Structure formats: C-alpha cells, structure tokens
Amino acid sequence: MDCVTLCLDVGGTEIKAAPVQNGTLLTPIQYFPAHAHGTFAELSAHFSHVLQTLYQLAPAGSKIDGVHFAFPGPFDYENGVCLIEGLDKYEAFFEKNLRELFFPFCSDFLHSPSQIRFINDAAAFCLGEMHFGGAIGSQKTLAVCIGTGCGSAFGLNGKLAPEGTPHVPLHGYLYPTPFLDGCLDDYLSKRGLVALSSEMLGEPLEGAKLSELAQSGNELAKACFFKFGQRIAEGLAPILSSFSPDCLCLGGQVTRSFQWFGQPLSALCQEKNIRLSITADTSERAIQGLCTF
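So this is what it looks like as structure tokens:
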C-alpha cells in the first residue's frame, strides 16, 4: 500500500485536514475549530486530539510517512518554531518548537520528529497548483491568495523557488510591498474590499454581501468590485513584469466573487501571455500540496 500523509491546513478560525495519498484526499476535508486563543495546555491537547482523529481516519494498516502542516506565519518553518506574537492567534505557541511538541502525539505512527514538517499556507497552495491544479506544466508560477491578507508563493518547475531567486521577494512574501498609501496587504485583502465599500457605498461590506448586491443589479456594488479588481491588477503588475510567470494562480476567499472583479486582472494576464487559474477550493489544493514536499 502506498504511504499516506496526514495533512493539516491550520488557520486562525479552523483547522482543515485530511489523510492524503498521492494527491488524493482519502476522506472529505475534516473541519476542526482552531481554539487559537487557548492556553498552551489547551492548544496542546486540542492538536493531540486532531492528530489522533486524523490518524484514525486513514485506511486501516496504512503506513503514515509524515504529518505536514500549512501553518500561518511568522514561523520558522525549517526548524518548526512558531513565532506568532501579537496577532490574536496561537500566541501560546510563541517560540515553541512544534515539531518536538507534536511528536509524542504521533509516536504511535511516526518514527522520527523529522517526519513532521511545516510550510506556509500560500506555499502549500502553490505546490498544490503546480502538481494537481492549474499550474501543471508551468515553469514559473506565482500563487496569490487573497483573504484576510495577501498571501503569496513562487514556483519554479514544480518546486518552490529558493531564496535568492531573481525578482522573488524575501520568503516569497508580496504582502509588505509598498502600494498606494500602505502596502499590498492593506488593499489586496478582505479589509481592503471592506474599506473600499465604505468609501463607495457608505457601508463596510464583505465580499458575500457585496456580491449579493451586485447580483441584484446594484451598480455601486459592481463599481466597487471593479475598482477592487483594478487595484489587484495594478498591485500585481510589477511582479508579473519582473518575475514573468507563465501561470498566475489566484486563490483565497475572494475568488468566490471573481466574476465581479476579475476583468482587469484577466486583461492584464492576457496582455502578458500569462495563464490565469482561479481556484474555487483553496484549502483542498493546499492540502494536496502538503503531500508533495
């Protein structure tokens, strides 16, 4: 029997997970509350429960080759050390080595702490797209996830671009790039759309409500989305020119409303001969990506 990897996409609100074999999810995605504000003892007990539950969901007799996490940053992914502080989530894990912490929870089915690995969530999404999604066959891939923030990762020939790759920012992070009166994260995000709706409609609206209004024919809502789409295209244009990917993969919560804001980005990609892939289920693709590294 082929090996099974237990894959967890850890967010601030919930943890999404599944046992994965060669990119195939062996169960539907399992959803667990994050309990991200818990104490160290509470979080440790919760992750122990999640990991044991996931192991029980794997086919009987499976050989588990690893437990792979997409974990929010800041995080020392190579050494497994959580560096989250002041972000209202997982602060009890600050400066804790989660590889060493989690290994006893997995010792029934893992042989070494080295089988527990961590990666950024946008990087997991990028790997998933290159191996199982819209970027299959791509030589240069840029993956962007627009949700609570602007996550990003860069790929070369099916692997994550190493540090020092020309035109790739430190850690592959686009979010701090200066843009308008702030940075990309301020504008290419849920809060960027909410701020824009406040400005244009006089009411702070998130994507779902704004999409309902657009669907009902509200011209201001449509104009708000179009302005948001213009900002996405404007914000990404410099990196699309300098890195010159042949595929741009867009994920995150915002993709649900792509029909309303996507035209400027689609036009930009067509102009630059870049394949544009829109992913409906970013979590599934990230979970698939977790089994590839």
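Using our numbering, you'd call the opening residue of the sequence shown number 10 and step up by one each time.
Glycine included, every Cβ here is placed at the ideal spot set by N, Cα and C.
Since the model is a prediction, treat every value here as computed from it, not as a measurement.
CB of residue i within 8 angstroms of CB of residue j, strictly
i      : j      : result
Phe49  : Ile24  : no
Gly158 : Asp190 : no
Leu146 : Cys154 : Looking at the sequence shown, residue 146 is not Leu but Gly. Contact: no.
Leu229 : Met209 : yes
Arg240 : Leu197 : yes
Gln358 : Val76  : Lying before the first or after the last residue shown, residue 358 is absent from the chain, which here runs from 10 to 302.
Ser286 : Gly143 : yes
Leu299 : Cys16  : yes
Gly21  : Pro81  : yes
Gly137 : Ala295 : yes
Cys135 : Leu169 : yes
Gly32  : Gln272 : no
Phe78  : Val19  : yes
Lys231 : Ala223 : yes
His140 : Thr291 : no
Ala132 : Gly181 : yes
Neighbourhood of residue i by C-beta, 7 angstroms cutoff - its chain only, sequence neighbours within 5 removed
i      : result
Asn166 : Gln148
Tyr86  : Phe127, Ile128, Asn129
Leu205 : Cys233, Lys236, Phe237
Asp255 : Ser147, Gln148, Lys149, Ile283, Arg284
Ser207 : Pro213
Glu94  : Glu100, Phe103
Phe56  : Phe111, Phe114
Ala45  : Gly21, Lys98, Tyr99
Pro122 : Arg108, Glu109, Phe112
Asp11  : Gln30, Asn31
Lys281 : Leu249
Paired residues, beta bridge with residue i - DSSP
i      : result
Lys25  : Asp18, Tyr40
Lys168 : Leu165
Ser286 : Cys258
Thr186 : For Thr186, which the question treats as bridged, DSSP gives no partner whatsoever.
Arg126 : His77
Ala152 : Ala162, Cys258
Asn88  : BP columns for Asn88 are empty, so no partner.
Thr33  : Gln30
Cys192 : Pro187
Val13  : Ile73
Asn5   : Residue 5 lies beyond the residue range present for the chain, which begins at 10 and ends at 302; the question has no answer from this structure.
8 angstroms contact criterion, which residue i and residue j should meet: CB distance rounded
i      : j      : result
Ile38  : Leu151 : Actually they are not in contact, since the Cβ atoms of Ile38 and Leu151 sit about 25 angstroms apart, beyond 8 angstroms.
Phe234 : Leu219 : 7 angstroms
Leu96  : Pro68  : With a Cβ gap of about 37 angstroms, Leu96 and Pro68 do not count as contacting.
Residues near residue i in its chain [Cβ-Cβ closer than 6 angstroms; skip 5 each side]
i      : result
Gly89  : Asn106, Leu107, Arg108, Phe127
Ser71  : Val13
Pro185 : Cys192
Ala162 : Ala131, Ala132, Cys135, Ala152, Gly181
Ala276 : none
8 angstroms CB neighbourhood of residue i in its chain, flanking five on each side removed
i      : result
Ser251 : His176
Val263 : Ile155, Gly156, Lys199, Leu202, Gly216, Phe270
Cys278 : Leu249, Leu257, Arg284, Leu285
Ala101 : Gly47, Thr48, Phe49, Glu51, Leu52
Thr14  : Pro28, Val29, Gln30, Ile73, Asp74, Gly75, Val76, His77, Leu299, Cys300
Phe118 : Tyr64, Ile73
Glu172 : Leu179, His180
Gln268 : none
Leu92  : Gly82, Pro83, Phe84, Asp85, Phe103, Glu104
At least 3 beta-carbon pairs within less than 8 angstroms: the region 14 to 29 vs the region 63 to 79: As far as the Cβ criterion goes, the region 14 to 29 touches the region 63 to 79, which means the pair count is three or higher.
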